[in-house]
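Numbering (this note's numbering), first residue to last: 1 to 309.
Idealized CB from N, CA, C, for every residue including glycine.
Structure first, commentary second.
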Ligand code: SF4
Ligand code: SF4
C-alpha cells in the first residue's frame with residue numbers, strides 16, 4: 001500500500017489485515033451493542049448487526065471514484081500477483097473483529113450475552129472499501145467464510161461481470177449498485193477509470209438472472225444528480241430479475257462531504273416518491289422501509305421475499 005494511505009486508513013478506524021485487506025466496526029454494530037438498534041439489513045434480511053463483520057480484501061483498489069462514496073479516495077492501486085491468501089485474510093479479520101468488539105465488554109449498556117455473541121460473526125459483509133471483484137481469489141474468500149459457518153453479503157459496483165461469472169462459490173446475497181440511469185450520468189457521478197465500465201455494468205445486469213443466489217439492486221440516490229429517470233431504472237431492474245431493490249438515499253457522511261453538499265441528501269419522503277414511481281413502471285412492489293437509513297425495499301415476489309436463508 002502506498003506510504004501514507006495506511007496511516008489515513010488507520011486513523012479512520014480501519015484495522016488493516018495482510019497487504020490489502022481491512023475490517024472496520026460499522027456504526028450499526030455499535031448501535032446494536034449499546035442501544036439494541038440494528039441496521040436496516042437486520043429488519044429486511046435477518047442479518048444480526050452485532051454479529052456482522054464488515055470487511056474488504058482490497059481496501060485500496062477501486063475502478064471508480066464515485067462522488068457519493070464515503071470512503072477515503074486513495075484507492076488508486078491495481079490488483080497485483082501478490083494479493084493476500086483468502087484463508088489467512090479471514091483468520092486475521094476474525095481476530096481483528098474480536099479486538100473491535102472487545103472494548104464494548106466493559107460498557108454497562110452492552111448486554112453480556114450479546115457481547116459474547118459478537119465475538120463470533122454470523123455474516124461477512126464484503127463491502128467496506130474498494131471494489132471486491134478486483135480481488136482475484138474472491139470465490140475462495142467466499143468459500144472460506146461459508147466454511148466457518150457465516151453467510152456472505154457481497155457488494156459490487158457491477159463493472160466486472162467476468163469476475164462474477166467466474167465465481168465457483170456465490171455469495172449468500174449479491175448486491176449490485178446501479179447509481180446512474182444513463183452512461184452520461186454514470187461517467188459524471190461514478191467517475192470510472194475506464195470508458196468501458198458502463199458497458200460492463202450493463203453486461204452484469206443482463207447476466208444476473210443466470211446467477212443462482214439472492215440478488216439485490218441498490219440505487220444509491222443523490223438529489224440533483226441521479227433522481228428521476230424512473231422508467232430507465234425500472235427497465236434495468238426488470239432486466240436484472242433481482243429478488244429485491246433497495247432505493248437508498250445518499251448520506252452526507254465521511255469523505256463524500258468534500259465532494260457533495262448536504263442538499264444532495266434526499267429525504268425519506270423523496271425516496272418513497274421515487275420508489276412508488278419506479279414500481280409504477282415495472283413488476284416490483286413496495287415491501288418495507290427504514291426511515292433512519294432513508295431506504296425503501298421493493299420485491300417482485302412477495303411470497304418468496306420473507307423466506308430466511
Ligand atoms: S450489514 Fe452493513 S450496516 Fe449492517 S451491520 Fe453489517 S456491515 Fe453494518
Ligand atoms: S465503487 Fe464503491 S468503493 Fe468505489 S468509489 Fe464507488 S462507492 Fe466508493
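Alpha-carbon spacing of residue i relative to residue j, whole angstroms
i	j	result
residue 309	residue 113	Any reading at residue 309 must be qualified, since the residue scores a pLDDT of 45, below 50, and its modelled position is unreliable; the value itself is stated next. Straight-line Cα distance between these residues: approximately 24 Å.
residue 243	residue 232	18 Å
residue 195	residue 50	40 Å
residue 289	residue 79	37 Å
residue 278	residue 230	5 Å
residue 245	residue 298	5 Å
residue 25	residue 154	17 Å
residue 62	residue 55	15 Å
residue 185	residue 236	15 Å
residue 120	residue 37	19 Å
residue 349	residue 159	Residue 349 lies beyond the range of the chain shown here (1 to 309); nothing can be said about it.
residue 174	residue 250	20 Å
residue 300	residue 108	43 Å
residue 225	residue 197	19 Å
residue 90	residue 145	7 Å
residue 77	residue 234	34 Å
residue 204	residue 227	22 Å
residue 202	residue 284	20 Å
residue 259	residue 165	33 Å
residue 276	residue 47	26 Å
residue 104	residue 92	20 Å
residue 269	residue 211	33 Å
residue 52	residue 292	19 Å
residue 98	residue 135	24 Å
residue 287	residue 169	29 Å
residue 67	residue 254	11 Å
CB of residue i within 7 Å of CB of residue j, strictly
i	j	result
residue 157	residue 131	yes
residue 265	residue 274	no
residue 142	residue 151	no
residue 133	residue 163	yes
residue 17	residue 96	yes
residue 110	residue 33	yes
residue 127	residue 101	no
residue 256	residue 69	yes
residue 58	residue 20	yes
residue 241	residue 209	yes
residue 86	residue 137	yes
residue 40	residue 295	yes
residue 161	residue 207	yes
residue 139	residue 94	no
residue 5	residue 60	yes
residue 65	residue 271	no
residue 129	residue 193	no
Heavy atom of ligand 3 within 6 Å of residue i beta-carbon
i	result
residue 157	Ligands in the displayed structure: ligand 1 and ligand 2; ligand 3 is not one of them.
Outcome for residue i when other beta-carbon atoms lying within 10 angstroms are tallied against a minimum of 16
i	result
residue 7	exposed
residue 27	exposed
residue 188	exposed
residue 218	buried
residue 42	buried
residue 82	exposed
residue 177	buried
residue 303	Confidence is the limiting factor: at residue 303 the pLDDT is only 49, short of 50, which leaves the residue's position unreliable, though a coordinate-based value still follows. Its Cβ having fewer than 16 others within 10 Å, residue 303 is exposed.
residue 282	buried
residue 262	exposed
residue 106	exposed
residue 182	exposed
residue 22	buried
residue 267	exposed
residue 214	buried
residue 84	buried
Counting by C-beta, which residues lie closer than 6 Å to a heavy atom of ligand 1, in chain order? 26, 28, 29, 39, 41, 47, 49, 52, 54, 125
Could you tell me which whole beta strand (DSSP E) segments of length 3 or greater appear in the stretch 124–186? 151–156, 173–177
Note down, one range per segment and in chain order, each beta strand (DSSP E) of at least 3 residues found wholly within the stretch 233–302. 244–249, 285–290, 295–299
Minimum length 4: unbroken alpha helix (DSSP H) runs contained in the stretch 26–110: 27–35, 40–45, 86–102
If you scan the stretch 191–217 from start to end, which runs of the alpha helix (DSSP H) of 4 or more residues do you find wholly inside it? 197–207
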